[in-house]
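Asker: Numbering (our numbering), first residue to last: 1155 to 1538. Could you have a look at this structure, given as structure tokens, before my questions?
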């Protein structure tokens, strides 16, 4: 009797293992299809063939995977000639001990037109008085800053000379987590056209800049982005620029824990909108209210016994501005701009920048403890 039970248990064990193995094979196959199909054409999709099994022959899986390596190398060959190193000079400062030396800074950029327009980050060329670019072949060309949009951390340069290649923008709205992407740039300003590969970790990310506003709708990637990669392109397997690399996050909070694989890029649809307007008009227009203000948050509100925990405290209304014409007063606390309440998720600047110049927007303020609704026609401002 005991021998029969042992035999039954043995058979059950073998059947169970076979069933689990079969299920595991399907899960792995599904993972291969998922990861590769999130890349875009012309990369071919892998096929999964599962022949019918019979009692005499066990089921087996035949999996054909896409040649990702070939797609990557072809993409790099296509885009690399359009990637440049951006070199800037920040003039020295006069001090008590004399003038400090000029400082050379560098980053990356990408050529977006045959007549020499290049996109990079604002922080790469900020405060520079002289800018040049170095092409992938090592040739150096003089350049100038056409204009910048600091809030999006973007700048457009104009280089003089023949452009070896022009990059093409893709649709960043079509990106999906898991899609293969390639970052190309000049880390540390020395290693031109360095290539790193990763995936789209997430889209729609928001990061606090520490300057009173957040950068929104960013692409997060685990493709290595190092100092000097800033301003370089993030590319899909179609060879399309789907982002401009802007920053990395190495730690979080006060724990000192190092965070690996946290790179962020400005989506190409944002880059295209801003760069096209800068090229056409010489600037990118932002909505303008005409106030001086201080961010209000719970700790500050408690310390000064303010009537709102979140908002923008109006310290001055500039005469003749949209704010002045719309009825804002010194001491008001702006708690809502249009559809966006001011809180931890929506800063005052981001709420304001959700609208266009000349839009008429409802602005809710707290004045002497009472909530008041004002209608304000926004003005226009831009970098000169």
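Ideal placement from N, C-alpha and C gives every residue a C-beta, glycine not left out. Here the structure is a predicted model, which is why all the values come from computation and not from measurement.
1. Which value, in whole angstroms, describes the spacing of the CA atoms of residue 1531 and residue 1450?
2. Any idea what DSSP makes of residue 1460, helix, strand or coil?
3. Could you work out which residue in 1315, 1282, 1275 is closest to residue 1294 when comparing CA atoms only?
4. Between which two residues does the alpha helix (DSSP H) harbouring residue 1225 extend?
5. What residues match up with residue 1525 in a beta bridge as DSSP calls it?
6. With the cut-off set at 8 Å, would you say residue 1367 and residue 1503 are in Cβ contact?
7. For residue 1390 versus residue 1417, is the C-beta spacing smaller than 8 Å?
8. Indicate whether residue 1395 and residue 1491 have their beta-carbon atoms separated by less than 8 Å.
9. DSSP three-state call for residue 1537: helix, strand or coil?
10. Of all the options 1463, 1447, 1286, 1478, which has the alpha carbon lying nearest to the alpha carbon of residue 1523?
11. So, under 8 Å CB-CB, residue 1477 and residue 1445 are touching, yes? Tell me the CB distance rounded to an integer number of Å.
12. Report buried or exposed for residue 1333, applying the criterion of at least 16 other Cβ atoms within 10 angstroms of its Cβ.
13. Can you tell me which of the three DSSP states residue 1422 falls into?
14. Which partner residues of residue 1370 appear in the DSSP bridge assignment?
15. Would you list the one or two residues that DSSP bridges to residue 1290?
16. Taking the continuous alpha helix (DSSP H) assigned at residue 1478, which residues delimit it?
17. Output needed for residue 1356: all residues of its chain with C-beta closer than 6 Å, excluding positions within five of it in sequence on either side, in chain order.
18. Have a look at residue 1283 and residue 1271 and give me their C-alpha separation to the nearest angstrom.
19. Rounded to the nearest angstrom, what separates residue 1327 and residue 1371 at their Cα positions?
20. Counting along the chain, where does the beta strand (DSSP E) carrying residue 1399 start and finish?
21. Determine the extent of the beta strand (DSSP E) in which residue 1278 is found, giving its start and end residues.
22. Take residue 1493 as the anchor and find which of 1509, 1467, 1346, 1229 has the nearest alpha-carbon.
23. So which of 1363, 1262, 1393, 1311 has the shortest CA-CA distance to residue 1324?
24. Rank 1499, 1489, 1506 by C-alpha distance to the C-alpha of residue 1539 and give the top, closest one.
25. Pull up the CB-CB distance for residue 1336 and residue 1377, whole angstroms please, since I reckon it's below 8 Å.
26. Secondary structure at residue 1312, three-state DSSP: helix, strand or coil?
27. May I have the straight-line CA-CA distance separating residue 1255 from residue 1474, to the nearest angstrom?
28. Determine the DSSP secondary structure at residue 1445, reduced to helix, strand or coil.
29. Under 8 Å by Cβ, that's how I've got residue 1237 and residue 1347 pegged, so tell me the actual separation to the nearest angstrom.
30. Alpha carbon to alpha carbon, how far is residue 1369 from residue 1298? Give it in angstroms, no decimals.
31. Do residue 1275 and residue 1385 have their beta-carbon atoms positioned less than 8 Å apart in this structure?
32. Just the Cα atoms here: how many angstroms apart are residue 1514 and residue 1529?
Answerer: Let's see:
1. Stepping through the chain shown from its first residue, residue 1531 is reached at position 377. Stepping through the chain shown from its first residue, residue 1450 is reached at position 296. If I take the Cα positions, the gap works out to 24 Å.
2. In the chain shown, counting from the first residue as 1, residue 1460 sits at position 306. Coil.
3. Stepping through the chain shown from its first residue, residue 1294 is reached at position 140. Answer by Cα proximity: 1315.
4. For the purposes of this step, residue 1225 is identified with residue 71 of the chain shown, where counting begins at 1. Counting along the chain, the alpha helix (DSSP H) containing residue 1225 begins and ends at 1222-1233.
5. For the purposes of this step, residue 1525 is taken as the residue at position 371 of the chain shown. The partner list for residue 1525 (beta bridge, DSSP) reads 1520.
6. Residue numbering aside, residue 1367 sits at position 213 when the chain shown is read from its first letter. Residue numbering aside, residue 1503 sits at position 349 when the chain shown is read from its first letter. In this structure, residue 1503 lies closer than 8 Å to residue 1367 by Cβ.
7. In the chain shown, counting from the first residue as 1, residue 1390 sits at position 236. In the chain shown, counting from the first residue as 1, residue 1417 sits at position 263. No, the pair does not count as a contact, with Cβ atoms beyond the cut-off.
8. Here residue 1395 corresponds to residue number 241 of the chain shown, with the count starting at 1. Here residue 1491 corresponds to residue number 337 of the chain shown, with the count starting at 1. In this structure, residue 1491 does not lie closer than 8 Å to residue 1395 by Cβ.
9. To locate residue 1537, count along the chain shown from 1; it is residue 383. Coil at residue 1537, not helix or strand.
10. If you number the chain shown from 1, residue 1523 lands on position 369. It is 1463.
11. Taking the first residue of the chain shown as position 1, residue 1477 is located at position 323. Taking the first residue of the chain shown as position 1, residue 1445 is located at position 291. That pair is a contact at about 5 Å.
12. Numbered from its first residue, the chain shown carries residue 1333 at position 179. So residue 1333 counts as buried.
13. As a working mapping, residue 1422 is identified with position 268 in the chain shown. Residue 1422: helix per DSSP, three-state reduction.
14. Position 216 of the chain shown holds residue 1370. Beta-bridge pairing links residue 1370 to no other residue.
15. Mapped onto the chain shown, residue 1290 falls at position 136. DSSP lists no partner for residue 1290.
16. For the purposes of this step, residue 1478 is taken as the residue at position 324 of the chain shown. Note, residue 1478: alpha helix (DSSP H), 1476-1480.
17. As a position in the chain shown, residue 1356 is number 202, starting the count at 1. So the list reads 1331, 1374, once near-sequence residues are dropped.
18. Counted from its first residue, the chain shown places residue 1283 at position 129. Counted from its first residue, the chain shown places residue 1271 at position 117. Cα to Cα, residue 1283 sits roughly 18 Å from residue 1271.
19. On the chain shown, position 173 is the one that residue 1327 refers to. On the chain shown, position 217 is the one that residue 1371 refers to. In a straight line, the C-alpha of residue 1327 is about 10 Å away from that of residue 1371.
20. Within the chain shown, numbered from 1, the residue matching residue 1399 stands at position 245. Segment 1394-1402, the beta strand (DSSP E) holding residue 1399.
21. Stepping through the chain shown from its first residue, residue 1278 is reached at position 124. Unbroken run through residue 1278 is the alpha helix (DSSP H), 1276-1279; no beta strand (DSSP E).
22. The residue labelled residue 1493 in the question sits at position 339 within the chain shown. Nearest C-alpha to residue 1493: 1509.
23. Translated into the one-based positions of the chain shown, residue 1324 becomes position 170. Checking every option, the nearest Cα to that of residue 1324 belongs to 1393.
24. Any answer about residue 1539 is impossible in this case: the structure gives the chain only from 1155 up to 1538.
25. Here residue 1336 corresponds to residue number 182 of the chain shown, with the count starting at 1. Here residue 1377 corresponds to residue number 223 of the chain shown, with the count starting at 1. The pair is a contact, with the Cβ atoms about 7 Å apart (cut-off 8 Å).
26. Counting from one through the chain shown, the residue named residue 1312 turns up at place 158. Strand at residue 1312.
27. Numbered from its first residue, the chain shown carries residue 1255 at position 101. Numbered from its first residue, the chain shown carries residue 1474 at position 320. Straight-line Cα distance between these residues: approximately 43 Å.
28. If you number the chain shown from 1, residue 1445 lands on position 291. It is a strand residue.
29. Start at 1 with the first residue of the chain shown, and residue 1237 comes out as number 83. Start at 1 with the first residue of the chain shown, and residue 1347 comes out as number 193. Indeed, because the Cβ distance is near 6 Å, the residues count as touching under 8 Å.
30. For the purposes of this step, residue 1298 is taken as the residue at position 144 of the chain shown. For the purposes of this step, residue 1369 is taken as the residue at position 215 of the chain shown. Cα to Cα, the separation comes out at about 26 Å.
31. Position 231 of the chain shown, counted from the first residue, corresponds to residue 1385. Position 121 of the chain shown, counted from the first residue, corresponds to residue 1275. It is a contact, given that the beta carbons lie within the stated cut-off.
32. Working through the chain shown from its first residue, we reach residue 1514 at position 360. Working through the chain shown from its first residue, we reach residue 1529 at position 375. For residue 1514 and residue 1529, the distance between alpha carbons rounds to 7 Å.
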